[in-house]
Every structure is written in structure tokens, then in C-alpha cells.
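Heads up, the thing below is written out as C-alpha cells.
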Amino acid sequence: MKPDEPRRPDPDALLVEAAKAGRGRLKVFLGMAPGVGKTYEMLAQAARRRADGGDVLVGVVETHGRRETEALLHDLEVLPRKPIEYKARTLLEFDIDEALKRKPALLLVDEYAHSNAPGSRHPKRWQDVEELLSAGVNVWTTLNVQHLESLVDLVWKITGVRQRETVPDSALSRANDIELVDITPDELRQRLGEGKVYLPETARTAATHFFKAENLTALRELALRRVAQTVDDQLLHAMRQRGVEGPWAAGERILVLVAPDAMAQSLVRAGRRLSDMMMDAPWTVAYVERPNRPSPDAAGAAKISAAFKLAGQLGGSTLVLTGDDLIGTLLDYARQNNVTQIVVGKSGRSRWRALFGRALIPALAEEVTGAALHIITEDAQPEQEPQVKPTPGPLLGAWRGHLVSIGLVGIAGGLAGLVDQFSHGANLAMIFLVSVLVSGLAFGLWPAVTAAAVAAFVYNFFFLEPRLSITIGHPSDVFTFVVFFGVAMTTGWLTGRIRDQALATSRRATAITALLAASRRLSASASREEAAQALAEQLAAATGGEAVVLLPGGEDVVPVASAPAKILLGTADVVAARWAWQHGEPAGAETGTLPSANWTYRPLQGVRARSGVAGFEAKAVHGGDGERFVSALLDQGAVALERAEFAADAADAEALRRSDKLRSALLNSVSHDLRTPLATVLGSATTLLEYEDSLEKPVRRDLLTSIREEAERLNRYVGNLLDMTRLEGGGLNIRSDWVDVRDVLGAALDRVSRRLARRKVTRDFPPELPLVKVDSALLEQALVNILENAIGYSPEDSTIELAAYEDRNNVVLSIEDEGRGIPTAELERVFERFRRMEESSDRGKGAGLGLAISKGFVEAMGGRIAAASPIHEGRGTRILISLKKEAALSSLVAANA
């Protein structure tokens with residue numbers, strides 16, 4: 026971007042701002058500890074807004090018995106709380122539904138980190154606030170700094186108290202305003218002693234533990250730092266959104282520029298020291314990748330990789346920038362990210378660079394504005410360089426391109442000599458330019474420059490007069506030679522640059538393709554074990570060595586996948602893997618922790634938690650590109666493992682939900698479908714025994730009939746339960762034989778004939794029907810269940826139609842009724858266990874097991890069952906059973922005939 030060109034707003038910042046459209050504003054009153062006056066200040070400001078005519082609603086406020094705080098509630102509208110029953114207690118919680126229905130201009134929700142009672146819509150109150158904000162409601166809330174998720178461990182070390190109720194840092198980062206409510210530690214301890222924070226007994230204990238002066242001072246610093254950090258982030262976002270160039274030195278940000286040389290790690294340490302001196306200011310280590318320059322060799326890439334590793338260990342972030350102009354790329358990033366301190370290195374080679382080109386430090390000092398420039402000089406004792414795995418023939422490999430380029434120039438010279446003998450006045454320079462072009466395309470920038478220099482010498486020495494001399498005789502030849510040398514150097518430079526850029530693009534495309542393939546493979550994994558094996562295979566392929574993935578098992582991590590073959594870890598490797606899992610930091614070879622291990626182990630950090638540990642051979646990772654590719658692959662693997670774990674948890678939760686639902690349905694069914702017949706039997710039998718002599722014969726017969734009917738009903742219910750148990754337990758014993766389905770239909774109809782009452786039954790059977798090989802007893806029971814279902818759901822004077830017919834491959838049985846039918850949405854669920862079409866209070870139609878058992882029996886015999894509804898003028902249900910015909914039926918039919 027040109028210096029006078031206006032800065033455009035950052036598209037990402039504009040997208041973030043656009044996403045906030047229609048969203049409510051969040052203001053957080055932040056304090057260092059309970060009792061500093063967060064709730065009081067929130068209510069006081071709300072009261073002033075209410076007095077100015079604002080629409081203010083108190084959603085939930087915890088006064089903890091403080092009279093001054095309670096007094097502020099008198100003039101404010103307070104939302105009634107929602108009672109929730111939990112463990113024989115009634116808990117009063119924030120009523121989010123009423124708040125959404127009321128939708129005030131400002132809603133007060135105290136205690137942002139509060140955990141809601143089980144049974145609430147969200148487990149955490151900050152999630153309630155997120156839903157309110159999404160609905161466009163403005164919210165004010167309160168928070169103590171010790172409840173921030175990222176500070177839990179630090180607060181525990183300071184106070185000895187581990188916070189159970191936490192808020193993600195991202196939730197606080199989305200706040201539009203943060204107001205620090207601050208008093209000195211001595212004032213807070215005084216309030217504690219006066220009983221304004223806790224009851225006297227609790228206050229005395231708190232004063233000697235959590236509320237010690239040194240604890241409060243540390244917590245106060247954390248609160249101040251957090252507010253300053255949030256304000257700095259808001260300033261940076263506003264600058265990006267409006268396209269304002271920085272830096273604005275409202276807060277310090279440090280950028281360390283490293284190069285593939287021996288000073289890289291020294292610069293990283295200097296950046297860490299500078300951050301410490303500036304109150305732990307955020308710092309970033311950057312390397313500028315320049316497409317117009319050759320990529321660093323293996324040794325240089327190893328230095329960049331080592332510097333990035335050291336930055337991560339020291340708490341800094343790393344970044345790779347891309348641009349042809351090193352200084353312009355660096356300063357563009359610095360302006361966009363409000364960098365106030367830039368750290369660069371000055372080595373002895375800078376003096377030579379200043380003679381032939383643009384030296385970094387003078388040019389940077391000339392163009393940088395608004396940021397301090399820190400120049401670190403080279404140490405007298407050179408930094409120990411990271412070891413690079415040697416390659417066969419390093420000397421020959423390094424000079425191979427140059428030697429071949431010289432050979433190409435020699436071939437061009439020989440060809441030019443032949444042309445010169447047979448053609449006078451030919452432009453021989455073109456032949457040499459071709460050799461320079463081929464060198465650049467084949468070997469890159471510097472071999473092309475070598476070819477250009479050698480070609481210029483050969484052309485001058487052998488083909489310009491006087492020949493075999495480096496002197497040039499004619500003035501016109503001087504111009505020709507200068508033009509040729511310039512064209513040759515330019516051609517070599519451009520072709521070498523194009524070749525290097527093509528190789529870099531190819532490497533990036535290969536890495537992206539490999540990452541895409543790995544992402545597809547990991548996404549297709551259905552379990553943690555499959556995801557771990559996929560990650561191990563992809564990691565082994567990426568590094569060219571062996572890899573292992575360890576997942577948590579109990580309180581330790583255990584190997585569950587390896588590639589390319591099963592791997593046994595030694596003691597040192599097991600210890601390194603355990604350390605990486607417990608501390609969330611790399612361990613093992615090529616790290617600062619347990620370097621005696623054979624492999625490097627890195628924690629797999631998912632979105633919410635660590636999901637495992639990956640181990641690989643550190644020496645197999647080549648250069649910065651390889652390091653970045655491995656890091657990206659590990660990130661994808663961690664997310665895939667976490668997703669598989671979530672899927673397994675969701676499946677377990679769904680299975681538990683279904684089990685609970687089935688258990689509840691079974692208990693409800695047993696409580697009615699067993700007790701109702703028993704009550705009828707008991708009542709009828711008691712009446713017969715106590716009033717036998719006084720009862721007339723028709724009454725006695727009616728009571729006995731009731732006993733028989735209810736006993737049969739009870740017997741059917743128990744039989745259904747036993748049948749379902751056999752189906753679920755896999756204990757169904759099928760005895761197949763050739764049967765005529767018309768006979769089975771008749772037998773089933775006989776069993777339910779007493780329950781038909783005034784219902785009519787019609788039969789539509791063909792004269793001949795092929796036999797089917799089924800278990801006649803199971804088929805009969807399935808038909809009985811379907812018939813009983815049709816009787817139970819059809820009117821008294823209706824008709825039930827039985828039909829049997831054959832199609833090309835099946836014998837089909839059809840049972841139709843004239844009941845109210847089944848809703849279309851319920852057709853696929855009508856064969857589920859304990860499924861009734863009536864309301865749950867209507868238990869007279871059975872337990873809801875009949876059709877489920879029929880489906881199980883039919884499918885166990887290789888058949889199919891389906892339901893269709895409505896079938897007649899919006900009413901009626903048809904149940905169809907399809908049974909396969911066998912090849913040997915014709916002979917059996919003939920034998921029966």
C-alpha cells in the first residue's frame with residue numbers, strides 16, 4: 026500500500042461488527058472480590074436511568090441481606106423468580122422466559138458466573154445472558170475476576186480456593202462495556218469486619234483465608250490488568266473497523282522480527298525480556314517469507330523453527346507474514362495491529378549488505394513512525410545452532426545447480442562456435458541467453474546468476490574481438506557486451522525467481538491437499554479409536570517416520586494407535602507422554618522437557634479440553650513448513666478426537682434417555698395395565714364371596730364373565746411382556762414349516778372372537794394361495810395383536826376386513842379397520858414399544874406393545890410389516906404383512922392337491 030493511500034477498514038472487523046446487528050449490549054461490572062460494591066453500583070446506575078424515564082427490569086439480584094443494596098430495589102420493577110424442584114427442595118431461579126416475553130430496554134442479571142439449578146434451560150447464567158443478548162435485550166451483570174476460566178489455576182495458587190463457577194474468557198470479551206468497581210484492600214477488609222459482606226462468623230473466617238491483604242492485592246492487580254487488556258482489545262478493534270493507522274501507544278504491543286540466522290533465538294529472548302519490563306505486554310515473533318527470494322535452506326528453516334518453539338515456550342505468539350517487500354510487509358502489520366515496539370537484530374553481515382543493497386535497519390529506521398525500534402546486536406559468543414539431519418553429499422548437493430549451469434553455458438559455447446564457423450554475423454548472444462533461461466528454470470535464482478556471469482565471460486573471451494582475450498576491441502562491442510550482460514542477469518534473475526515461486530506454490534498446494542485429505546479422513550472417523558488411528562497414519566505420512574497417539578484411560582494416557590506398525594514405548598517416552606498430557610506442553614526429544622526420550626510428544630488441545638497426546642520422531646520434521654504442517658495436522662486431529670468423544674457421549678446420553686423413557690413407560694404401563702384387571706378381578710370376586718346368596722344368577726354370571734375377561738386381559742399383557750423380553754434378549758426360537766396363511770388368519774380370528782362384540786368381519790381370500798415357510802405360532806400371535814389393536818380402535822358397529830393375496834415375490838396379508846386412523850407423522854413410529862395413539866390417560870386400549878411385538882415376530886421370520894392410514898374418507902388403518910414365497914412351493918401345492 027502506498028504511503029499516501031487512505032487505509033481501508035479491516036474486512037474481518039467489519040464482519041464482526043455486522044454480526045452484532047440486532048444484538049443487545051452487555052455491560053459487566055467487574056470487581057476483585059465479593060463486597061467491593063458491584064451490585065450496589067449496578068443498581069444505583071439503574072435507578073438513575075429509571076428516574077430518567079428508562080425501561081429497567083431487575084431480572085435477578087442477590088442482595089445477600091445487605092440493607093443498602095435492598096433499599097435500591099424499592100423503586101425498580103423486579104421480575105418474579107421461577108420455582109424449580111430439586112431434591113425435595115424448591116429453588117428460586119431467574120425466569121428467562123418471562124424476561125424474553127417482557128423484553129425490557131435494560132435487564133439486570135446479577136452474578137454472571139452463577140450455576141443454574143438442574144432442570145433450568147441452561148446450566149450457567151452467562152448462557153442465559155447470551156440468549157437474552159441474541160434476542161436484542163440489553164443486559165447489565167456483575168462478575169468477580171476470580172471466576173474467569175483462564176485465571177482459575179492462578180487464583181487457586183494465590184488464595185488456595187479453587188473456583189467451581191466459571192465464565193469463559195470469550196464471554197467476557199464479547200462485552201461492549203466493562204466497568205471496574207474498585208476499592209482498596211484495606212477498605213474491603215474494613216467492610217468485612219463491619220459485617221457488610223458476610224455474617225460475623227463467616228467474616229472472621231474469610232478475613233484469615235480468602236480476604237487476606239496480600240490475596241486481595243493480587244486479585245486487584247488481576248482485575249486491573251483484565252480491564253486494561255479488554256480496553257486495549259476494544260481500541261484495536263475500533264482502529265481496524267475504521268481503518269485508522271497505528272500505532273496509538275495506549276497499550277504496549279511488541280513485534281520481534283527473526284530471520285534464518287544465528288540471532289533468531291537471541292531476539293526471541295530479548296522480546297520476552299522487553300515484555301516483562303512492560304508489565305507482561307503481548308508479544309509476537311514474526312518471520313517474513315519473501316516469494317521473490319529463495320526459500321531458506323534446511324539449516325535456516327531449522328533456526329526459524331527453533332525460534333518459534335522457544336517463543337511458544339516463553340509465552341509469545343508466532344506469525345509468518347508473506348510479502349516481497351520485507352519492510353513494507355512488516356510495517357503494514359505493525360500499523361494494523363497497533364504495535365508500539367519493534368525488535369530487530371543487527372549482525373556483522375549487515376555492513377556488507379549495506380554496500381550492495383538496501384540494509385534493513387537504516388531503511389526501517391527511516392520509514393517507521395510512532396513505534397520504538399530496538400536493535401539487538403550479535404553476541405560475541407554465537408548461539409548454538411540447531412542440528413539439521415545431514416543429507417548424502419551435502420557439498421555436491423549445494424553446488425550441483427551451479428556446476429550444471431556452467432556445463433550448460435559450455436554446451437551453449439560449443440554450439441555458438443559451430444554456428445560461428447558456418448554463419449557470419451549470427452546473433453550468438455541468443456544461444457547463451459537460452460542456457461541462462463534453462464538454468465533459471467531448472468535450478469533457481471542463484472544458479473541462473475552464475476550461468477549469466479559465466480555466459481558473459483565466455484561470450485566476451487571467445488566471440489568478441491580480439492578473441493581469446495578479456496579486452497574488447499571495438500566500442501560497439503562494449504555496448505553489446507554490457508547489454509548482453511544486463512539481459513543475461515535480468516533473465517536469470519526473473520526465471521530463477523519464477524521457478525522458486527512455482528516451487529513454493531507447489532509446496533503450499535501439496536500441504537493444503539494433504540491437510541484436506543487428512544481432514545476428510547479424520548472427519549469420517551466414527552469413534553475415538555478410528556480418529557486416533559487416522560491421525561497416527563497421517564502424522565507418520567507427513568513426517569516420513571513413525572507416530573503414535575495416546576488417549577486418556579483412567580488417570581493416565583495409553584497408546585491406542587500407531588503407524589506404520591505397532592510401537593512399544595520405552596520408559597522415558599511413557600514419562601514424556603504423561604508429562605505432556607498433564608501439563609499441556611510439548612515434551613521429549615528436541616524440547617526443553619525430558620529431552621532424553623526418543624520421540625517428541627505434543628498435547629492434542631481441542632476446543633474445550635485436551636483430548637490426547639501425539640508422539641512422532643522430531644528429526645523427521647524438516648524446516649518451518651514441515652513444522653507448521655505438523656502443527657495444523659495435530660490441531661485437526663485434536664478437534665476430530667474431541668468431536669468423536671462428543672458423539673460417543675451424545676450416543677450414550679441418547680441411549681440413556683431412551684432407556685429412561687422405556688423404563689418410565691413400562692412403569693406407567695405396569696401401574697395401570699396390571700392393577701386395573703387385578704382390581705376388577707378382586708372386586709368381582711369379593712362381591713361374589715360376600716353377597717353370593719343375595720345375587721341373582723344373571724348378576725353372578727356377569728361378575729364371573731368380568732373376572733374371565735380381565736384375567737384374559739392380564740394374561741395377554743404378561744404374554745406381551747414375555748414376548749418382548751424374548752425379542753430384546755435374542756431368545757426367540759423360530760420353528761418354520763409350510764403353512765397356509767388363510768388357516769392362520771382363521772385361527773387368530775377365533776382367538777379374538779369374544780372381543781368383536783357387534784363388529785362385523787369380512788374375509789377376502791382367493792381359492793388358491795401358495796404356502797409360506799414360517800412359524801405358525803408366531804405368525805398367529807402377530808395377527809392376534811393386530812386384530813386386537815383393530816378392535817380396540819374401531820367403533821362397535823364397524824367392519825374389520827381380512828384379506829390375503831399374492832404378488833410376484835410375496836404372500837400379503839391385510840387387516841383393515843374403520844377407526845379414526847393414524848396421523849401421517851406417526852406412521853413410522855406406530856410400531857415402537859409402548860406407543861399409543863390415545864392420550865396417556867386412556868389406558869383401555871392396551872399397553873402399546875402389540876404392534877411392536879408383531880413387527881419383531883414378522884421380521885424375525887424374514888417378512889415385512891407396514892401401516893397405511895387413512896384409507897377410507899380420512900379414516901381407517903390398514904396393516905400389511907409381506908411373507909416371501911419359496912421356490913419349492915409348486916411341488917408342495919401339487920402334493921397337497
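Taking the numbering used here, I'd label the letters of the sequence shown as residues 26 to 922. C-beta atoms are modelled at their ideal positions from N, C-alpha and C, and glycine is treated no differently.
{"query": "DSSP bridge partner residues for Glu118 (one or two, in chain order)", "result": "Lys107"}
{"query": "Three-state class that DSSP yields for Pro417 in the structure shown", "result": "Note that Pro417 scores a pLDDT of 45, beneath 50, so its modelled location is shaky; the value from the coordinates is reported in the next line. The answer is coil: DSSP assigns Pro417 none of H, G, I, E or B."}
{"query": "Coarse secondary structure for Asn931, derived from DSSP in three states", "result": "No information on residue 931 is available, as it lies outside the stretch 26 to 922 that the chain covers here."}
{"query": "Through-space distance from Thr184 to Gly651, alpha-carbon basis", "result": "43 angstroms"}
{"query": "The stretch 622 to 631 / the stretch 527 to 534 touching (three or more Cβ pairs under 8 angstroms)", "result": "no"}
{"query": "Proximity of Ser819 and Arg788 at Cβ, strictly below 8 angstroms", "result": "no"}
{"query": "Inter-stretch contact at 8 angstroms, needing at least 3 Cβ pairs: the stretch 728 to 737 / the stretch 701 to 715", "result": "yes"}
{"query": "Beta-bridge partners of Gln366, as assigned by DSSP", "result": "Ile279 and Ala397"}
{"query": "Expected contact under 8 angstroms - CB spacing of Thr902 and Gly817 to nearest Å", "result": "Not a contact, Cβ separation roughly 11 angstroms."}
{"query": "Where Asn201 falls: helix, strand or coil (DSSP)", "result": "coil"}
{"query": "Three-state secondary structure assigned by DSSP to Glu841", "result": "strand"}
{"query": "Residues of its chain near Lys371, where Cβ-Cβ distance is below 6 angstroms and the 5 sequence neighbours each way are ignored", "result": "Ile386, Ile400 and Thr402"}
{"query": "Buried versus exposed call for Lys334 [16 or more other C-beta atoms within 10 Å across all chains shown]", "result": "buried"}
{"query": "Three-pair Cβ contact test at 8 angstroms for the stretch 49 to 63 versus the stretch 144 to 164", "result": "yes"}
{"query": "Residue(s) in a DSSP beta bridge with Thr309", "result": "Leu280 and Ser342"}
{"query": "Collapsed DSSP secondary structure at Tyr137 in the structure displayed", "result": "coil"}
{"query": "Rounded distance between the beta-carbons of Pro148 and Ser140, thought under 8 angstroms", "result": "7 angstroms"}
{"query": "Nearest residue (CA-CA) to Ala586, options His608, Val170, Ala605 and Glu555", "result": "Glu555"}
{"query": "Cβ pair count under 8 angstroms reaching 3, the stretch 161 to 170 against the stretch 119 to 139", "result": "yes"}
{"query": "Endpoints, alpha helix (DSSP H) assigned at Lys798", "result": "Looking at the DSSP string, Lys798 is not in any alpha helix (DSSP H); the run it does join, the beta strand (DSSP E), is Val797 to Val799."}
{"query": "Contact set for Arg74: own chain, Cβ-Cβ below 8 angstroms, skip 5 residues either direction", "result": "Val81 and Leu131"}
{"query": "Pro723 in three-state terms, based on DSSP", "result": "helix"}
{"query": "Backbone CA spacing between Ala72 and Asn163 [nearest angstrom]", "result": "16 angstroms"}
{"query": "Short Cβ contact (8 angstroms threshold) for Gly631 with Leu576", "result": "no"}
{"query": "Under 8 angstroms between C-beta atoms of Asp194 and Leu173", "result": "yes"}
{"query": "Ala588 to Glu642 span [Cα, whole Å]", "result": "12 angstroms"}
{"query": "Cα-Cα separation between Ile906 and Leu876, rounded to whole angstroms", "result": "12 angstroms"}
{"query": "In DSSP terms, what Ala673 is bridged to", "result": "For Ala673, which the question treats as bridged, DSSP gives no partner whatsoever."}
{"query": "From Arg278, Arg315 and Thr365, residue whose alpha carbon lies closest to that of Gly341", "result": "Arg278"}
{"query": "C-alpha distance - Arg187 paired with Met57, whole-angstrom precision", "result": "15 angstroms"}
{"query": "Rounded straight-line distance, which links the Cα of Asn485 to that of Gly465", "result": "21 angstroms"}
{"query": "From Gln259, Ala384 and Met302, residue whose alpha carbon lies closest to that of Asn363", "result": "Gln259"}
{"query": "Endpoints, the beta strand (DSSP E) within which Glu831 is located", "result": "Thr824 to Glu831"}
{"query": "Beta-carbon contacts of Glu911 that lie in its chain and below 6 angstroms, excluding the five residues immediately before and after", "result": "Lys798"}
{"query": "Contact under 8 angstroms by Cβ, Gly426 with Pro491", "result": "no"}
{"query": "Exposed unless 16 or more other CB atoms sit within 10 angstroms - verdict on Asp581", "result": "exposed"}
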